[in-house]
Amino acid sequence: MRAGLISLLLLAAGFAQAEVQVAEPYVRATVPGAQMSAAFATLFNPEDDERHLVAVSSPVAKQVELHDMVVSPDGVMNMQKVEQITIPAKGTLMLKPGSLHIMLLQLTQPLPVGTEVPLTLTFDNGQQVQIQATAREVKPAGHHHPKS
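The opening position of the sequence shown corresponds to residue 1 in the numbering used here, with each subsequent residue numbered one higher.
This is the structure in structure tokens:
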């Protein structure tokens, strides 16, 4: 019985390792009254096929979007909503300031330094990863969010 349980646990661990892994998640700390923040992390895909992050949710934001940086025709860097973020097969992708990231919009609470923010990441294969991202000071990357 015990050997069977250990085998089952090892088998489950093997399946878990084939899923997208999230490392070093954090969010931009805010001041009271702020309506938005951003989340960042490193995503690792151990699978033979690329994976796509298609949605994120959090109880601290009424709306969560995936964003990327684009250059406007007049040369200004702006953030733009994207439908998905691709993590290459057997590859790593960094969500970071000034690049791909997760926008937390219509915040329901301030996020002072040290706050633990729950995030649920959903991938195109149905996998959901629940993480805790710590709020910390993050310098702006010199971009603009166009008015929606």
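Using N, Cα and C, we set each Cβ at its ideal position, and we do this for glycine too.
Taking 8 Å as the threshold (C-beta atoms), are residue j and residue i in contact?
{"i": "L104", "j": "V64", "result": "yes"}
{"i": "T92", "j": "F44", "result": "yes"}
{"i": "Q130", "j": "P118", "result": "yes"}
{"i": "A23", "j": "T42", "result": "yes"}
Taking the C-alpha atoms as reference points, what is the distance between residue i and residue j?
{"i": "D48", "j": "F123", "result": "15 Å"}
{"i": "A18", "j": "P46", "result": "6 Å"}
{"i": "Q80", "j": "K96", "result": "14 Å"}
{"i": "M36", "j": "G126", "result": "27 Å"}
{"i": "S57", "j": "G98", "result": "21 Å"}
{"i": "K62", "j": "N78", "result": "22 Å"}
{"i": "K139", "j": "P25", "result": "16 Å"}
{"i": "I6", "j": "T120", "result": "With a pLDDT of only 44 at I6, under the threshold of 50, the placement of this residue in the model should not be trusted, and no figure is reported."}
Quick test of your reading: residue i and residue j, contact by CB under 8 Å. State the CB separation rounded to the nearest angstrom.
{"i": "G114", "j": "A135", "result": "6 Å"}
{"i": "I85", "j": "H52", "result": "7 Å"}
{"i": "A38", "j": "V27", "result": "7 Å"}
If we count the other Cβ atoms within 10 Å of its Cβ and call it buried at 16 or more, is residue i buried or exposed?
{"i": "P73", "result": "exposed"}
{"i": "V76", "result": "exposed"}
{"i": "M94", "result": "exposed"}
{"i": "P32", "result": "exposed"}
{"i": "L10", "result": "Unreliable placement is indicated for L10, whose pLDDT of 43 sits below 50; no coordinate value is reported for it."}
{"i": "P59", "result": "exposed"}
With a CB to CB cut of under 7 Å and the five nearest residues on each side skipped, what residues in its chain are close to residue i?
{"i": "E137", "result": "A29 and V113"}
{"i": "E155", "result": "Limits of the chain in this structure are 1 at one end and 148 at the other, which puts residue 155 out of reach."}
{"i": "V82", "result": "L66, H67 and D68"}
{"i": "E116", "result": "Q132 and T134"}
With a CB to CB cut of under 8 Å and the five nearest residues on each side skipped, what residues in its chain are close to residue i?
{"i": "A34", "result": "L107, P110 and L111"}
Can you list, in chain order, the residues of its chain with a C-beta nearer than 6 Å to that of residue i? Leave out the 5 residues immediately preceding and following it.
{"i": "L100", "result": "D68 and I85"}
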